[in-house]
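Encoded as structure tokens, the structure appears first; notes follow it.
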Amino acid sequence: MSIENPSKERLKEILTEAKIIAVVGLSANPERTSHQIAKRMQEEGYKIIPVNPTLDEVLGEKAYRSLAEVKEPIDIINVFRRPEHLMDVAKDAVQTNCKMFWAQQGIVNEEAYHYLKEHDFEVVMDLCIKVVHSVLLK
Numbered sequence: 000m001s002i003e004n005p006s007k008e009r010l011k012e013i014l015t016e017a018k019i020i021a022v023v024g025l026s027a028n029p030e031r032t033s034h035q036i037a038k039r040m041q042e043e044g045y046k047i048i049p050v051n052p053t054l055d056e057v058l059g060e061k062a063y064r065s066l067a068e069v070k071e072p073i074d075i076i077n078v079f080r081r082p083e084h085l086m087d088v089a090k091d092a093v094q095t096n097c098k099m100f101w102a103q104q105g106i107v108n109e110e111a112y113h114y115l116k117e118h119d120f121e122v123v124m125d126l127c128i129k130v131v132h133s134v135l136l137k
């Protein structure tokens with residue numbers, strides 16, 4: 000089996016309705032892709048919740064050690080972790096109030112995809128949230 004991302008129309012709806020993005024694996028290093036993309040999404044008006052156990056704050060926002068520590072609502076869980084770590088992140092994700100899991104470009108894990116779908120998640124894999132936002136909402 001393989002993954003199937005939502006339609007362009009649905010992706011546009013998701014990004015239009017979302018207000019809060021938890022970014023798993025967000026780096027404090029401005030040279031890292033995760034930092035650049037999260038900063039851009041923040042500039043587009045989204046509240047960013049950094050999730051990284053090694054940081055206290057990123058982009059002016061309090062960082063959390065795990066998704067389980069985040070108590071406020073999350074609209075999108077955006078993941079910057081290698082594919083082999085996606086299943087662990089997926090297991091954490093199902094413990095949240097969020098139902099939208101977005102793995103960045105180049106990140107695919109079919110086991111995590113099917114696990115999330117079994118838990119009623121919408122799942123995007125191997126797409127850059129910033130690029131999709133730029134193409135569909137600009």
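Read left to right, the sequence shown gives residues 0 to 137 (numbering that gives the first Met the number 0).
Where is the CB? At the ideal position from N, CA and C, for every residue including glycine.
In the DSSP output, which residue or residues are listed as bridge partners for residue i?
i, result
"Y63", "V50"
"F100", "I76, V122"
May I ask which residues mark the beginning and end of the alpha helix (DSSP H) holding residue i?
i, result
"A21", "From DSSP, A21 is part of no alpha helix (DSSP H) but of the beta strand (DSSP E) over 19-23."
"T32", "32-42"
"E12", "7-16"
Leaving aside the five residues before and after residue i along the sequence, list all residues of the same chain whose C-beta is less than 8 angstroms from its C-beta, in chain order.
i, result
"E121", "P5, R9, I13, K98, M99, F100"
Contact check, residue i vs residue j under 8 angstroms by CB: the rounded distance?
i, j, result
"A102", "V78", "5 angstroms"
"S66", "T32", "First, the residue type needs correcting, since residue 66 is Leu and not Ser in the sequence shown. Between T32 and L66 the Cβ distance is about 20 angstroms, and since that is not below 8 angstroms, they are no contact."
Please go through the same chain and pick out, in chain order, the residues whose beta-carbon is closer than 6 angstroms to the beta-carbon of residue i, but skip the five residues on each side of it.
i, result
"E56", "A62"
"D74", "A17, K18, I19"
"Y114", "A89"
"V93", "H118"
Leaving out five residues on either side along the sequence, give the residues of the same chain with a beta carbon under 7 angstroms from the beta carbon of residue i.
i, result
"K116", "V122"
"G105", "D125"
Looking at the ligand FAD, does it come within less than 7 angstroms of residue i, judged from the CB to the closest heavy atom?
i, result
"E12", "The ligand FAD is not part of the structure shown, which contains no ligands of any sort."
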